[in-house]
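Throughout the sequence shown, residue numbering follows the UniProt record's numbering, covering 1 to 1238 in sequence. Let me begin by presenting the structure, written as structure tokens, before commenting on it.
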Amino acid sequence: MATEPALSTLQPTAHRERFLHLQTSARYAGSSDPTARLNNILALLNAYRNAASLTSLRPHDWDIFLALEIRLAAATSPLTPDSLQALFELHKNATLQYSSTELLKRYVSLIITYFSRLHGVDFALPSTQLAGASSAHRSSDPALKWTSLDSCPIIDAAQSLYNPASLPLLAQDAVDLAAWDSVCGIEAVRWRIREAYTRCAYQLQESQDVWRLYLAFEEALLASSQVARDQQLETIRHVYLARLKVPHAAIDDTFQAFSSFVTQHLPPHQYESEMSAANMLVAESRTIFRQREQLEDALQSLLSSGNIHAPGSRQDLDNFATYCKPYLRWQINRTSRALRSKDKAHAQTELDLTCGLFERLIPYFGLHPPSSQKHELVYYSDDVETSEHYSRQFKRLSQEERDARTQHEQQLYSERLSLATDLWLDYVSVLSSASRPDASLIMDICTRSVRCLPTSTSLYCVLMHNSARFRRSRPQIEQFFEKAVTPGALQLKASELTDLCLARVDCERELASFDLVVKAGAEIDVDPARDMDKFTEIYALLSYSLGKLAELEDDRDASLRLERCTVNWVERAVFAMGGPASEGGMGLNELAESVWQTAVTQQPDNALVYREAAAYWMRRFDASKARGWFKAGVSKLERKQQQEATQDSSVYQTLLQEWVQFEHQHGSIEEIEYAEAKARAERQRALEAWYASYAQYGYQAEAQTQQQGSSHTNGDESSAMQVEAPSAEPSTTGKRKADNDNDNIGDASITDTQMATRAEEATSSSTASTAVEQPKKTRTNDANATPTRDREHCSVLVSNLDPSTDAQAVRSFLRGCGRIVELSGPTVLTSASGTTTSAAALVEFADPAGSASALTRHNKPLSSSVVSVYIGWKCTLFVTNFPEDWEDTHIREAFSPFGLIFTVRWPSKRFVSTRRFCYIQYTTPDSAAAAVAALDQKEVAEGRKLSVALSDPSRRKQRSDAQENAKELFVSGFPRNITEEDFKMFFAEFGAIKGVRLLRNVDGGLKGIGFVDFEKVLDAHRAMRELNSTKWRGKTISVTIAEKRGAHGASKGDRKVDVQDRKQRSVRVEGLPVDAQEALIQQAMERAVGLGSVKQVLWRPDGGNRRATVEFGVAADAGKAVLLGGAGNVRYDDEHVLEVVAMDDESADAPMHVAGSLPAQGSGSAQQALAFVPRASRGGRGRGRGRTFGVGFSHNTTTSAPPATSGAGDDMEVEPNVESNAAAKLTGQDRFRAMLQR
């Protein structure tokens, strides 16, 4: 087989692809073709050696690499001292890349095993294996699994140790025993084990296993005759004491083991002194550990779970943010405070603990991540079969699915790489923050970082900066730089290459300054630009960097950082020589001028080139040449704007603005007017382009609206019922938002459905008695509003699940499809006949790509069932026009014969009481289609035909006044001495006006607020853009798009409804299920009291609330509800009996319960009542108003108890209401009877 050339690239992905190719070739060759297999394995070894010399391998590759090296080292003969030394060094190099305790334990177990064989010392290795684990789970042979090569070392997976019996033999008989001392003698082995333990000593959890191996080695020597007993006892004593100084999780076990050691091996009279000294060490270490014990437990639960990473999932990123990032932030802040303190010993301990924490996280989050899902299957799941067939399965996907999969992979790769880079940068930053940083440690960390993340240019920059900071040699810095910029090493972008070049220049300037300081013999600030030799060296480096950047023909650094740095360097030298007009300066001016001449040749369309070149000539006080650069840039970019008709002309406009400013400072009147004319023409061009694009967009949107139709249902349009179109509630800002929060009836948006669009919560009109028309709240920047979540296309329904399936099983089933935002269920469902039972769950993904990927799991097995996966809205029906007295049970009875119903969702009636529709979600689209075919237009009562339609998001009904909102302007700040005719004429120049309205106060004077209705949307938007923030008769006016009609809740007059009257008509309902629906609560109350008796329901479904507030139309119905509730005659369903409590404020003996608890029985003491009172004023404008119904509720308290905390359903604080003694003696029902009599 021809030998493949070694890869010179630093891209880990290229090396990993070669690894997988050679492993697959070796597996396919197998035992049937041992020669081909051996050739592939030898090529694989060479590939591993080459990659290890350039970058750092991931743990998976180290396992295979080390196993193959051990296997082939003794392929023809037993191990010699040289070959054993090479194996030891290879394992050591693996542990030096990152302090993985698994690699460290394997390294130590290799050393101890061969020491035992060579010296005949028996070791009792500590066991951490879980009881009952099978042999298949206890051991693994990575080389056999991935290359089919047998007789390789076996790894005990539970302990991460080599199985001694699987390691090759030593050539003891052929080699003199003295030749082994330097490799496997007592001191050599002790030094290696101690060094390995030192690297992980401050890893609070994992270091204990490595230390126990170290202790096992020393105790085995004590039991042998290899060393003097007294000397070995002292050594072991120091091993224990050194360990007790280090905080760790198992410090109590270590202390107990030390006590046993002292008791067994030391004289009795030393016990007290030894344990007293050890106890002082333990107390301090235990205190340090307990300070972070809670964070440690959370982190250890993650690291020991084995589920940190998953192919195609971002759960590792979420895990880091949840478990690791808070711990890191806490530890770094603690270290920073300790480094500023005077206790240097404590500061060093905190710094060591910080290093230990970073070292624990780097093997999981600090290595170069897999770049594709195929590599994730290899490095995260260790899955041979799936990764081998991944390419074939990927080709079976549609082009859309492939693009979505690729985009998802790139996004995950980018996020993981960014996380790893930040982790290393934070590590270096913490070490550098010390008053006297450890140069060797920082350099070691920087060197390791670029090996673990060889594609991160920011880490190379940090490496070079620290090399110069700690005075490393120029050749060493040059080597780092050339390693990254060598052609073929990395695929550098212009910005990345610029970063590297600037870092290289920074290092050269730093070293040049240091050389001049040494030469001067004093600590003085020396500018290297003043020294011609240093100037020449650095300028040559800058020229070389510009040449490297010019090689990237298709990619340029638009920010011109290198060009600006070069010109600045020349200007510094010119200034040091006496200025541009001096003899020395004139010779250097051409160097700076040539930079801009070259830049404009390479980037002729970059406006920054002309701006910077003009600024350079302005610094040289040559206005003529500066003007020439401005004019050249304007001429070039003006042609480009005309040819491409681009709207993004901000850079060109900035150039024009700077030119105008320049002419104001240096130009004549003629030059100023010429520049201003150019700027004005560009503004007009940009405005016309915006108008044209907006008009085109408006026409397209209008045409699309007409094509979609005007109805969301196919029901009878003449129906008396009102079915509101789905619409998102508009948001407000500033003071108006605060007013809205304080005064609206409902201050929380209640989501009626998870998948279909939320029905619009329109508010009732203002009362007729309101004398003054209320201003409409306005919105600004409506075009830039953030789009709502596309739940319809992001949700899938997973049905036909086994009833025992839990949420975790569903997540595992959909693993790799995308990030799951919300999972509802699984819910066990039973058919109408009671013969079929299954479960279903609704899963919402973060984007439509996730739901599309989830559809590929359709008809795949899960447990004992074949699961069905459908887009959620295709299983959902929109049902309306049913009789007024229909409730949830009637809907289910009518629709259940056509299939299993997953859920029935009812809209909120809090804002629009005439709503009469619901959403029914089946488990399959076929059931939904069958229901539409059978029930749509079916007469279910006299004059009532059901309207049943698929809840297709593309057929949403548009409000009739949606376009009108965009034609109406809200104007404020205008003079108060104008007339309506003046107001109309002011806006008439922008288009035809339908009407204007000026708001007046009670005295008839203008309030400075008005509205203008245009005929066309484009005219309204043009008027807004031209007139907003302009002057009118000395006043600055504000012109914005008026907010949607009916979107602001009740009017001011409505908000002044008597609060006491509403409390008398309101009751508190307790004992609800946590998944209750507002409409079903209303149905339950009307079922008991009477149809139409409930005015509105306030219910907040937060997953824990079990209380609601119900307002009736009349107080008598509220009293009836209390009486019925006290008798247990109000039921939400068969399982939930509701308790109904009155809410007047003149007594305090109604029972109060925590949300979700049952009422106390047989209580003879006075009980507290739920009171309804407005929030007390806290000061400030608008903060002391009383709220209307539905805003503030709290528990009343007696005078002998502190105020009770609001329940889960409360959304504000209230003052306690102290009741009279007479009223306190009444029961809840008696209190309500007395209120009715009054």
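Glycine residues also receive a C-beta, built at the ideal position from the N, C-alpha and C atoms. Because the structure is a prediction, the values reported are computed rather than measured.
Between residue i and residue j, what straight-line distance do the alpha-carbon atoms span, to the nearest angstrom?
i: D1061; j: A1076; result: 27 Å
i: residue 1251; j: R392; result: Residue 1251 falls outside the range modelled here, since the chain spans only 1 to 1238, and no answer is possible.
i: L1072; j: Q808; result: 27 Å
i: F189; j: F88; result: In the sequence on display, residue 189 carries Val and not Phe. Distance between the alpha carbons of V189 and F88 is about 10 Å.
i: D525; j: F65; result: 52 Å
i: K1035; j: A677; result: 28 Å
i: A928; j: A854; result: 21 Å
i: E980; j: Q661; result: 41 Å
i: I891; j: V1114; result: 29 Å
i: F535; j: L608; result: 26 Å
i: S804; j: V810; result: 11 Å
i: D52; j: R791; result: The question names Asp, but residue 52 in the sequence shown is Ala. Computed Cα separation, rounded: 47 Å.
i: V867; j: A26; result: 38 Å
i: A1050; j: T1030; result: Residue placement at A1050 is flagged as unreliable, the pLDDT there being 42, under the threshold of 50; the coordinate-derived value follows with that caveat. When rounded, the distance between both Cα atoms is 33 Å.
i: H60; j: H15; result: 13 Å
i: R416; j: T386; result: 23 Å
i: S624; j: E571; result: 20 Å
i: G1125; j: R944; result: 33 Å
i: V567; j: E102; result: 53 Å
i: P268; j: Q300; result: 39 Å
i: S947; j: K967; result: 34 Å
i: S543; j: L7; result: 30 Å
i: F898; j: L935; result: 10 Å
i: R37; j: A143; result: 12 Å
i: E388; j: H408; result: 21 Å
i: R229; j: Y162; result: 30 Å
i: F974; j: S1038; result: 8 Å
i: R758; j: P907; result: With a pLDDT of 32 at R758, under the threshold of 50, the modelled position of that residue is not reliable, and the figure given next carries that caveat. Distance between the alpha carbons of R758 and P907 is about 8 Å.
i: L687; j: I1041; result: 18 Å
i: L490; j: E551; result: 14 Å
How close, in whole Å, do the beta carbons of residue i and residue j come, if the pair is a contact with beta carbons under 8 Å?
i: K105; j: L213; result: 7 Å
i: P369; j: Y413; result: 6 Å
i: Q602; j: R556; result: 6 Å
i: Q1083; j: D806; result: The Cβ separation is near 31 Å, so there is no contact.
i: Y202; j: G356; result: 3 Å
i: A849; j: L801; result: At roughly 23 Å, the Cβ-Cβ gap does not stay under 8 Å, so A849 and L801 are not in contact.
i: T486; j: L463; result: Incorrect: roughly 16 Å between the Cβ atoms, too far for contact.
i: A277; j: F255; result: With a Cβ gap of about 12 Å, A277 and F255 do not count as contacting.
Compute the distance between the beta-carbons of residue i and residue j, then report whether it is under 7 Å.
i: A310; j: R1106; result: no
i: A558; j: A529; result: no
i: T335; j: T322; result: no
i: L177; j: R117; result: no
i: F258; j: Y240; result: yes
i: L453; j: A420; result: yes
i: C184; j: Y107; result: no
i: I871; j: V821; result: no
i: T498; j: L562; result: yes
i: F895; j: A930; result: no
i: C875; j: Q937; result: no
| said: Would the stretch 164-174 count as touching the stretch 39-49 if we require 3 or more Cβ pairs under 8 Å? | reply: Counting Cβ pairs under 8 Å, fewer than three are found: no touch.
| When the Cβ atoms of the stretch 269-289 are set against those of the stretch 243-253, are three or more pairs found closer than 8 Å? | Cβ pair count under 8 Å is three or more, so yes.
| When the Cβ atoms of the stretch 381-400 are set against those of the stretch 334-346, are three or more pairs found closer than 8 Å? | Using a C-beta cut-off of 8 Å, the stretch 381-400 makes no contact with the stretch 334-346, since fewer than three inter-stretch Cβ pairs fall below that distance.
| query | Curious, which full-length alpha helix (DSSP H) runs of at least 4 residues does the stretch 376-447 contain? | reply | For the stretch 376-447, whole alpha helix (DSSP H) runs of length 4 or above, ordered along the chain, are 384-388, 390-395 and 399-432.
| said: At 4 residues or longer, what runs of the alpha helix (DSSP H) sit wholly inside the stretch 166-217? | reply: If we require 4 residues or more, the alpha helix (DSSP H) runs fully inside the stretch 166-217 come out as 181-184 and 186-200.
| query | What alpha helix (DSSP H) runs, 4 residues minimum, are completely inside the stretch 834-858? | reply | Entirely contained in the stretch 834-858, the alpha helix (DSSP H) runs reaching 4 residues are, in chain order, 848-854.
| field | Within the UniProt domain "RRM" (967-1044), ranges of the alpha helix (DSSP H) (whole runs, at least 4 residues) | value | DSSP assignment within the UniProt domain "RRM" (967-1044) yields the following whole alpha helix (DSSP H) runs of 4 residues or more, N-terminal first: 980-988 and 1017-1027.
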